[in-house]
Amino acid sequence: MKLHIFSAVLLVALVLACSTEKDAALNRFYHQTTTKYNGWFNANELINEAMRGYLVNREEDFTEILPIEPLPDEESALGMTPALDTAVSKCVNVISRHSMPSMEGRSKKEEYNKWIDRVWLTIGKSKYIKGEYQDAIDQFEYVTKFFKNKPSKFTAKIWIVKSHVRLKDYRSAELLLKEIERDSEKVKTALEEKKSSEKSSSKIIRKQNKKKKGKKEKPLKLPKDFEYEFNKAKADLYIETGKLAEAEKAMVEVVRTCKNRKEAARMHYILAQLSVRNGNNSQGVENYTMTLRKTAKFNMHFSARLNRAMASSGANREKLRKELNKMLRDSKNAEYKDQIYFALGDMDQSGGEIDLAMQKFTKSVYYSVSNDRQKGASYERMGDIRFGQRDYIRAQKYYDSCVQVVSEDYKNYDLVRTRAMRLKDLVVSIETAEHNDSLLRIAAMPEDQRLAFVEKVKKQLEEEERIRQEAEARRLAEIQAMQASSSGPNQGGSGGKWYFYNQKQRTEGFEDFKRIWGQRTFEDDWRRSNKMPTIADMGDGTSEEGELADSLAEETEPVDPFAVETLLAGIPEGDSSIAALQEEMLEAKYKAGRIYQGELEEDQLAIEQYEDIISRKIEDKHILLSSFQLYQLYQGKDEAKVSEHKNYILNNYPNSDYANFIRDPNFFIKKKEREKLDMDDYLKVVDRFGQGMYSIVKIRANSIIENDPANAYRSGYMLLSAMSQAALTREKEETIPAFELVIESFPGTPEAERAQLMIDIIKNGYSEDIIADFGATESEFEYNPSSPLMVIILLEKDDNTNEAKTNVSNFGREFFSSEKLKVQLSQFDENRPFLMVREFENESKGNKYLTSFLRTKKHIGDLQDRQIFLITNDNFVKLIGNKNLDGYLKFYKDFY
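Quick note on numbering: this note's numbering labels position 319 of the sequence shown as 320, and the sequence is numbered without any gaps.
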């Protein structure tokens with residue numbers, strides 16, 4: 002009987018405890034326990050498990066400052082979505098069931114369940130990891146507003162700072178950090194005052210306070226890990242904004258307050274990186290050493306050893322150099338030889354041993370099998386060395402090699418690519434000049450000497466090829482040995498997966514294939530140089546049997562690139578071939594001189610090119626050009642040389658523009674002014690032709706043709722004269738000679754093409770009463786840059802138009818909310834729907850929208866691939882009326 006009574010009482014107690022409206026101890030215990038374990042704990046386990054899976058497979062880039070908190074990219078986050086969504090679902094479930102009082106039906110003013118705020122934080126954390134930063138901010142802001150007197154308010158604000166940083170809203174992040182710092186100081190001060198007050202008060206007063214009825218509000222406290230998390234967020238912001246000195250200070254505090262042994266090594270490593278970047282090498286060495294004392298992955302420890310050696314100095318430096326050389330001999334470091342050699346090269350370069358450094362960097366490239374970033378870094382460093390030595394030819398080769406192997410997210414990609422592009426024209430010019438010069442010297446030899454020279458070159462090339470092949474064979478053997486030594490069971494990876502189901506191994510295999518065999522077409526017998534042709538190779542079967550046999554014979558007879566006949570094939574024969582090579586050589590040298598002079602500001606190297614051109618004593622336009630450049634370069638340096646080139650130009654090219662400039666330094670300015678006046682006069686004559694004033698046009702055109710042979714628009718005047726004559730003459734055939742004169746005088750010009758078109762029309766029998774106007778057709782659309790515009794997005798027939806409209810509307814609300822844009826759906830015809838986004842005040846604002854539309858994936862997706870353009874309201878009315886979409890797109894291309 003007693004057991005039944007006890008069971009009934011227990012059942013009633015449990016039922017009463019299920020209520021979320023009553024703030025009783027039993028109710029709180031039940032709902033808090035359920036919230037903690039069914040919601041908060043399980044959700045965080047899901048999040049942590051997903052992050053562990055990501056971090057295990059994540060490859061760190063130790064050449065860059067490591068992220069303080071690694072985050073998955075879009076692709077990785079997609080794989081984590083199921084776990085993260087389940088975590089959010091669990092949190093939402095416990096909030097709806099165990100929030101005290103219930104969140105339904107009325108406005109809450111307080112929360113009795115002390116775990117609910119942490120559940121809200123978990124939802125925000127899940128959104129943050131998924132990359133949904135704005136949604137995360139919304140969740141965290143709810144915590145800051147509703148749980149003002151709980152430590153979670155500070156945690157939420159720190160997460161908001163992180164979210165702002167990810168969104169690159171650095172200003173908001175910085176302001177919020179300052180706010181957190183102010184509020185935390187107030188909390189610390191209040192707690193200190195309370196503690197001091199309690200110490201000073203008497204025991205009697207403390208007993209009286211305890212006897213007072215009613216709940217006493219607990220003072221606000223900071224989260225236990227506040228200092229650590231706050232300084233991590235601060236350091237993250239400063240790293241992202243490039244304020245590395247401030248970041249280093251923040252990281253010092255991070256390391257000081259770090260109690261998480263799993264994160265300690267990473268924090269020390271990042272602090273070491275920042276210290277070295279800021280020039281505090283001794284602090285860097287100290288923190289790299291601390292990294293080695295903490296638990297971390299092999300790669301981090303390995304990188305810390307290398308970086309510690311590169312940052313060291315004095316006797317310690319030599320000790321660490323010996324350590325690196327010892328690491329080279331260790332077989333377990335075989336796949337890291339490229340990094341070790343790079344570190345040794347860096348040490349040599351810092352010590353002024355440039356030749357040794359170049360040897361080490363070369364070996365680093367040699368051993369870079371799968372680490373393209375390391376290979377790129379070695380190429381870049383060698384390029385920098387050669388660039389500093391003013392050896393621009395070899396510098397360009399290294400920079401170009403760097404660009405070829407690294408991806409666009411490489412730290413100095415833009416700088417390296419710019420240098421490679423700038424120096425490319427110089428390399429082409431120098432190599433062209435040297436190649437042609439060699440051919441010309443060989444061509445000038447007697448035949449017996451030429452054959453002997455080519456035989457010598459043949460042997461030299463064969464020897465170089467033999468050495469190259471042997472080196473390549475050694476390298477391949479070393480690569481295979483390295484791969485064998487690093488493919489043991491402890492190297493990580495998927496182990497249990499079959500090769501073709503393991504994406505990582507498939508990718509590595511594909512890269513190994515490309516490294517050994519190069520880029521190959523996907524076809525049968527790809528390794529055979531004399532493979533049999535397939536049916537597809539034979540075409541439609543119409544070839545003659547003999548032709549097919551000949552083509553197969555050609556394929557099976559490889560050409561010897563070092564044969565004497567092959568080497569002699571490029572040597573010029575005859576005056577015309579030699580003259581062409583000379584012209585090409587001088588042009589290349591002059592172009593190289595201009596690049597040295599203008600882009601690289603290497604006047605002395607430019608002078609050497611120009612002097613060499615003149616010394617050739619070949620009658621060519623580049624002699625005058627080079628002499629004029631030397632006349633300018635020697636100004637203020639060598640007056641004798643200035644006088645020499647001045648007299649040379651005046652005596653040998655008295656009527657040239659350069660002679661005129663020497664006589665009158667304002668010559669080119671005046672010439673430009675004259676050309677502008679000539680252009681204005683020409684446009685006036687064209688306008689008169691359009692008005693039908695043919696007699697006046699003919700008189701003016703003939704006057705220019707006869708009296709102004711230097712006029713830049715002479716070809717245009719000659720065409721206008723012929724067309725005016727055709728307009729005034731009834732017998733159009735009589736004007737054909739005038740058009741033929743245009744073609745003869747200015748072959749290959751647009752005016753000559755127009756003249757030929759006119760002749761064709763006349764010969765094809767145009768009526769004598771019709772005047773053919775071959776001027777530009779005036780567009781029916783008008784350009785007005787200050788007129789209001791709209792954006793038109795042309796959709797495809799199969800597009801979901803309503804979804805597209807919604808996406809474009811969402812895009813406008815998020816990124817252009819102040820413009821209050823409206824999106825309308827319409828169509829030119831049943832097969833051509835389009836969206837109108839209106840209205841933009843001017844062209845500048847419209848272009849800003851277009852730029853954001855084409856750069857931002859959010860909301861837009863595949864719509865970026867659709868045709869999009871601006872159009873004014875007036876032009877839109879015309880477009881709808883005439884349906885001439887192609888005509889408007891041509892107009893848009895010309896004016897926008």
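A virtual CB, placed ideally from N, CA and C, is assigned to each residue, including glycine.
In this text, all values refer to a predicted model and were calculated from it rather than measured experimentally.
Keeping to the same chain, check which residues put their C-beta closer than 6 angstroms to that of residue i; ignore five residues upstream and five downstream.
{"i": "residue 278", "result": "245"}
{"i": "residue 171", "result": "242"}
{"i": "residue 813", "result": "822"}
From residue i to residue j, what distance separates their C-alpha atoms?
{"i": "residue 77", "j": "residue 127", "result": "14 angstroms"}
{"i": "residue 300", "j": "residue 266", "result": "12 angstroms"}
{"i": "residue 821", "j": "residue 853", "result": "16 angstroms"}
{"i": "residue 797", "j": "residue 896", "result": "25 angstroms"}
{"i": "residue 577", "j": "residue 457", "result": "28 angstroms"}
{"i": "residue 304", "j": "residue 268", "result": "14 angstroms"}
{"i": "residue 579", "j": "residue 307", "result": "56 angstroms"}
{"i": "residue 644", "j": "residue 470", "result": "56 angstroms"}
{"i": "residue 160", "j": "residue 226", "result": "13 angstroms"}
{"i": "residue 443", "j": "residue 617", "result": "16 angstroms"}
{"i": "residue 762", "j": "residue 703", "result": "24 angstroms"}
{"i": "residue 382", "j": "residue 564", "result": "38 angstroms"}
{"i": "residue 768", "j": "residue 755", "result": "Reliability fails at residue 768, whose pLDDT of 45 lies under 50, so the model's placement of it is uncertain and no value is given."}
{"i": "residue 602", "j": "residue 360", "result": "29 angstroms"}
{"i": "residue 150", "j": "residue 221", "result": "5 angstroms"}
{"i": "residue 609", "j": "residue 636", "result": "16 angstroms"}
{"i": "residue 338", "j": "residue 428", "result": "32 angstroms"}
{"i": "residue 572", "j": "residue 582", "result": "10 angstroms"}
{"i": "residue 288", "j": "residue 273", "result": "5 angstroms"}
Going by C-alpha to C-alpha distance, which of the options sits closest to residue i?
{"i": "residue 37", "options": "98, 449 and 71", "result": "98"}
{"i": "residue 649", "options": "345, 663, 705 and 734", "result": "663"}
{"i": "residue 83", "options": "114, 44 and 59", "result": "44"}
{"i": "residue 344", "options": "694, 827, 310 and 625", "result": "310"}
{"i": "residue 30", "options": "80, 114 and 58", "result": "114"}
{"i": "residue 431", "options": "654, 682, 231 and 614", "result": "614"}
{"i": "residue 700", "options": "718, 735 and 734", "result": "718"}
{"i": "residue 570", "options": "455, 58 and 602", "result": "455"}
{"i": "residue 621", "options": "637, 653, 599 and 593", "result": "653"}
{"i": "residue 910", "options": "393, 765 and 690", "result": "With the chain represented from 2 up to 897, any question about residue 910 goes unanswered, as that position is not in the structure."}
{"i": "residue 41", "options": "651, 361, 844 and 87", "result": "87"}
{"i": "residue 90", "options": "429, 125 and 672", "result": "125"}
{"i": "residue 46", "options": "96, 75 and 120", "result": "120"}
{"i": "residue 826", "options": "808, 147 and 815", "result": "808"}
{"i": "residue 628", "options": "597, 138 and 591", "result": "591"}
{"i": "residue 833", "options": "435, 80, 595 and 801", "result": "801"}
In chain order, what residues of the same chain have a beta carbon less than 7 angstroms from the beta carbon of residue i, not counting five sequence neighbours either side?
{"i": "residue 855", "result": "865"}
{"i": "residue 271", "result": "66, 67, 69 and 252"}
{"i": "residue 236", "result": "69, 248, 251, 252 and 255"}
{"i": "residue 438", "result": "586"}
{"i": "residue 85", "result": "48, 51, 127, 130 and 131"}
{"i": "residue 377", "result": "403, 406, 407 and 411"}
{"i": "residue 240", "result": "66 and 248"}
{"i": "residue 548", "result": "At residue 548, the pLDDT of 43 sits below 50, so the modelled position is not reliable; the number obtained from the coordinates is stated separately. Excluding residues within five positions, none has a Cβ falling inside 7 angstroms."}
{"i": "residue 753", "result": "743, 744 and 747"}
{"i": "residue 12", "result": "Reliability fails at residue 12, whose pLDDT of 48 lies under 50, so the model's placement of it is uncertain and no value is given."}
{"i": "residue 342", "result": "361, 364, 365 and 368"}
Check the C-beta distance from residue i over to residue j and give it rounded, since I have them as a contact under 8 angstroms.
{"i": "residue 282", "j": "residue 314", "result": "7 angstroms"}
{"i": "residue 166", "j": "residue 157", "result": "Going by Cβ atoms, the distance from residue 166 to residue 157 rounds to 15 angstroms, so no, they are not a contact pair."}
{"i": "residue 262", "j": "residue 296", "result": "6 angstroms"}
{"i": "residue 228", "j": "residue 190", "result": "With a Cβ gap of about 16 angstroms, residue 228 and residue 190 do not count as contacting."}
{"i": "residue 806", "j": "residue 836", "result": "6 angstroms"}
{"i": "residue 143", "j": "residue 164", "result": "Not really, about 13 angstroms apart at Cβ, beyond 8 angstroms."}
Which same chain residues end up closer than 8 angstroms to residue i when comparing Cβ atoms and leaving out the 5 residues on each side of it in sequence?
{"i": "residue 883", "result": "781"}
{"i": "residue 425", "result": "397 and 401"}
{"i": "residue 706", "result": "715, 718, 719 and 722"}
Curious, which full-length alpha helix (DSSP H) runs of at least 4 residues does the segment 741-767 contain? 751-764
Ordered list of alpha helix (DSSP H) runs contained in the segment 609-676, each at least 4 residues: 622-634, 640-653 and 658-664
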